[in-house]
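One structure is given below, encoded as structure tokens.
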Amino acid sequence: NAGVTQTPKFQVLKTGQSMTLQCAQDMNHEYMSWYRQDPGMGLRLIHYSVGAGITDQGEVPNGYNVSRSTTEDFPLRLLSAAPSQTSVYFCASSGHGTPDREQYFGPGTRLTVT
Amino acid sequence: LAKTTQPISMDSYEGQEVNITCSHNNIATNDYITWYQQFPSQGPRFIIQGYKTKVTNEVASLFIPADRKSSTLSLPRVSLSDTAVYYCLVGDSNTGFQKLVFGTGTRLLVSP
Chain A
274 NAGVTQTPKF QVLKTGQSMT LQCAQDMNHE YMSWYRQDPG MGLRLIHYSV GAGITDQGEV
334 PNGYNVSRST TEDFPLRLLS AAPSQTSVYF CASSGHGTPD REQYFGPGTR LTVT
Chain B
-16 LAKTTQPISM DSYEGQEVNI TCSHNNIATN DYITWYQQFP SQGPRFIIQG YKTKVTNEVA
44 SLFIPADRKS STLSLPRVSL SDTAVYYCLV GDSNTGFQKL VFGTGTRLLV SP
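Heads up: the sequence lines are chains A and B, in that order. Each number in the working numbering comes from the position in the first sequence (counting from 1) with 273 added on. Counting along the second sequence from 1, when you hit position 103 you're at 86 in the working numbering, and nothing is skipped either side.
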């Protein structure tokens, strides 16, 4: 199993550009989530999904969209990038249906918005 | 959301036992306590989880007193490679456990 994979590893955007961060897992996990981590800070939940076709907002959803058309994939779309979105983005999944049990995290995407 | 409080940082030396305590005064009856480890430039990694009393695995032990308002992660005989940030989390039964809140964690520095 590859676990949780994320692409790209690094990305630089200009203010106002849009892009999609990709996340995939091959563990058949129902629960998937996106977090952002700013320097020296903990992780903050952006959006999550409890299964294909079902998504919901986390703590900091503004400026981001998600969709979950398959169990495997959970892309995160930045609608119009802003410097405040400069961060490291982590995708995670859990096979227990909820994240309060073990979550598996991807390697992260480091995004810089200029 | 259930809030946790941890020390911001701790220092230790190789071979010592490290105990990191987390306070979670408003933990709900159904909440589990989970600890993650994060190395620089990597995603967090699950270490251990418990509900009450003591849990032990090949990496760490987790001690939870009867009132469950705190928990202690114990790392036996740490090495330099245990230098990392450690997060304590509790589930949020109010959201059906669908959301988890990461605090700022405890930064552990292990020196030779």
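Glycine included, C-beta positions come from ideal geometry on N, C-alpha and C. Nothing here was measured: the structure is a model prediction, and the numbers come from that model.
In this structure V285(A) is not in contact with T382(A), their Cβ atoms being roughly 11 Å apart against a cut-off of 8 Å. In this structure, DSSP gives L63(B) a helical state, which the three-state scheme calls helix.
No Cβ of chain B is located within less than 8 Å of the beta carbon of Q284(A).
Residues of the stretch 316 to 328 of chain A with a C-beta less than 9 Å from any C-beta of chain B: L316, R317, L318, Y321, V323, listed in chain order. Within 7 Å of the CB of P348(A), no CB atom of chain B is found; the nearest one sits about 17 Å away. For Q25(B), at least one C-beta of chain A is nearer than 8 Å to its own C-beta.
The distance from the Cβ of G88(B) to that of V73(B) is about 14 Å, inconsistent with a contact at the 8 Å cut-off. Within chain B, T17, F29, Q32 have C-beta atoms less than 8 Å from the C-beta of E375(A), given in sequence order. For the stretch 45 to 69 of chain B, the set of positions with a beta-carbon nearer than 7 Å to some beta-carbon of chain A is empty. Burial check for F22(B): the Cβ neighbour count within 10 Å stays below 16, so the residue is exposed. Between K35(B) and A354(A), the alpha-carbon positions lie close to 44 Å from each other. In chain order, T87 make up the part of chain B whose C-beta sits under 7 Å from the C-beta of M314(A).
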